[in-house]
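Chains as they are written, first to last, in this note's numbering: chain A, 1 to 181; chain B, 1 to 181.
Glycine included, every Cβ here is placed at the ideal spot set by N, Cα and C.
Source: prediction; values computed, not measured.
The block underneath contains the structure these notes are about, expressed in structure tokens.
Number of protein chains: 2
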Amino acid sequence: MRVTQEQMRAHRRRILSEASRLFREKGFEAVSVAEVMKAAGLTHGGFYGHFASKEDLLAHAIAEAIAEKSDAEATLPAFLATYLSAGHRDAVGGGCPMAALAADVRLRPAAARSAMTAGIRAQIERIAAALPDSVTEDRRREAIASAAAMVGALILARAVDDAPLSDEILAETRRWIDHGA
Amino acid sequence: MRVTQEQMRAHRRRILSEASRLFREKGFEAVSVAEVMKAAGLTHGGFYGHFASKEDLLAHAIAEAIAEKSDAEATLPAFLATYLSAGHRDAVGGGCPMAALAADVRLRPAAARSAMTAGIRAQIERIAAALPDSVTEDRRREAIASAAAMVGALILARAVDDAPLSDEILAETRRWIDHGA
DNA sequence: ACACTAATATGATGGCGATCATATTTGAGC
DNA sequence: GCTCAAATATGATCGCCATCATATTAGTGT
């Protein structure tokens, strides 16, 4: 049945939002188009009225997740405390799209990689802006290394099946960045 | 046809080695059991004589990759130079199993996570051993943060579709760890 | 050498999932 | 209000793949 143009835009937003969450939570391949549509309260057939393919959806979902996360924390220690927390580790679906999908994106077509690249760039710049003043070149280096350490720590903390080790990875990486920056 | 027990062990090793490479290269889901067997020079049917399931294979393949990588470089700068190099970034199939599979392992059953956890532990200890002398507690912190930064940098460098940015992520993270350690 | 069984090969099976075709409903523009 | 096309729903299709069943071959222990 046909719906309002407004409704249709709302549907598209809903699909994107659910896809963004599901992809982060379960990985790209493990989520079916039908599952996304069901989560959005629709049936699978209408999907191709909104997106060209599942991979097209991924690219938009990544962009969505990145845009949604662009409200930065002011200071680096505050950001770090949130980012490298048990809460963030355990809430993958609503968490950092890079930690959840950057490894996966290597295997995906250009559009998805491009969206991810934009997110990584933005993240580096955001961290650089939050760093205490110093030489521009050093700020960028610190921002890059901090971003890498944060993403890496979250990925490792999520991979590990041992809770104390997982906590330790988060805590020690956090202290290390705090100390170095 | 039946083969020598020796042959059979060789087949198993071959399957593991090809699986280890293929999983790193293309991801767990994108590799089929038949593909692994073909790469090992066998047909798909015999697979279940060697492993209980595809996921069982993954667990053993991770353990394999980790064992194969356990010949450490002596010094941290030397290890870093290899690890955060364009060559390593571009040779995923023979590269670090954590950078290739840690993010994926979060979605896999216990055995795979357990093998990965052992690898992460070993890597942390190896880095700690390679660090210049200092207080034990600080060494461990530096080792954990360095491991996280290295894995994160490699993942980000591989995700990005822009060569200069990718190179920059590797180079700056490397300098940052070198400097801090 | 023989019998037995282990290793592999060949050939199903069953399910899932991306995508497409067609039907249905109902906004939108006149 | 009427017409037409646009969203969505329903229902294929087609291919892939993990796993299993059965056949074939030939080591292994005697």
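Test item: CB-CB of residue i and residue j under 7 Å
i	j	result
Ile-62(B)	Pro-97(B)	yes
Ala-103(A)	Val-151(A)	no
Glu-64(B)	Ser-20(B)	yes
Leu-84(A)	Arg-140(A)	no
Ser-145(B)	Trp-176(A)	A quick correction: the sequence has Ala, not Ser, at residue 145(B). A contact, by the Cβ cut-off of 7 Å.
Val-36(B)	Leu-58(B)	no
Ala-143(A)	Ile-124(A)	yes
Ile-66(A)	Gly-27(A)	no
Asp-178(A)	Pro-77(A)	yes
Gly-180(B)	Gly-180(A)	yes
Nearest to residue i (by Cα), restricted to the options the options
i	options	result
Pro-109(A)	Lys-54(A), Gly-41(A) and Ser-17(A)	Lys-54(A)
Glu-137(A)	Glu-137(B), Glu-172(B) and Glu-125(B)	Glu-172(B)
Gly-49(B)	Leu-22(B), Val-3(B) and Ile-169(B)	Val-3(B)
His-60(B)	Ala-143(B), Ala-34(B) and Leu-16(B)	Leu-16(B)
Glu-18(B)	Phe-47(B), Glu-6(B) and Gln-5(B)	Phe-47(B)
Asp-56(B)	Leu-76(B), Val-33(B) and Ala-147(B)	Val-33(B)
Contact belief for residue i with residue j at Cβ below 8 Å, rounded distance in angstroms
i	j	result
Glu-106(A)	Leu-154(A)	Correcting the residue identity first, residue 106(A) is Arg in this sequence and not Glu. Incorrect: roughly 17 Å between the Cβ atoms, too far for contact.
Glu-25(B)	Val-135(B)	The pair is not a contact, with the Cβ atoms about 40 Å apart (cut-off 8 Å).
Leu-165(B)	Arg-121(A)	7 Å
Glu-29(B)	Glu-29(A)	4 Å
Where residue i meets chain B, residues with beta-carbon distance less than 7 Å
i	result
Glu-55(A)	Here the premise fails: no neighbours, minimum Cβ distance about 13 Å.
Ile-62(A)	Going along chain B, no residue has its Cβ under 7 Å from Ile-62(A), so there is no contact; the nearest lies around 10 Å.
Thr-173(A)	Ile-144, Ala-145 and Ala-148
Under 8 Å from the C-beta of residue i: neighbouring residues of chain B
i	result
Pro-114(A)	It is Ser, not Pro, that sits at residue 114(A) in the sequence shown. Correct list: Asp-161.
Glu-168(A)	Ile-144
Arg-141(A)	Glu-172, Arg-175 and Trp-176
Within chain A, the residues that residue i reaches when beta carbons sit closer than 7 Å
i	result
Lys-69(B)	Residues of chain A passing the Cβ test: none, with the nearest at roughly 16 Å.
Glu-185(B)	With chain B covering 1 to 181 only, the question about residue 185(B) has no answer from this structure.
Arg-106(B)	Arg-158 and Ala-159
Gly-180(B)	Gly-180
Residues that residue i contacts on chain B, provided the C-beta gap is smaller than 9 Å
i	result
Ile-165(A)	The question names Ile, but residue 165(A) is Leu in the sequence shown. What Leu-165(A) touches in chain B: Thr-117, Ile-120, Arg-121 and Ile-124.
Within chain A, partners of residue i - CB distance below 8 Å
i	result
Leu-156(B)	Met-98, Ala-102, Ile-120, Ala-147, Ala-148 and Val-151
Residue i: contacting residues in chain A (beta-carbon distance under 9 Å)
i	result
Ala-110(B)	Asp-161
Lys-26(B)	Leu-107
State whether the segment 152-160 of chain A contacts the segment 111-125 of chain B, with contact taken as three or more CB pairs (one from each stretch) at a distance under 8 Å.
-> yes
Quick check: the segment 35-48 of chain A against the segment 7-20 of chain A, are there 3 or more CB pairs under 8 Å?
-> yes
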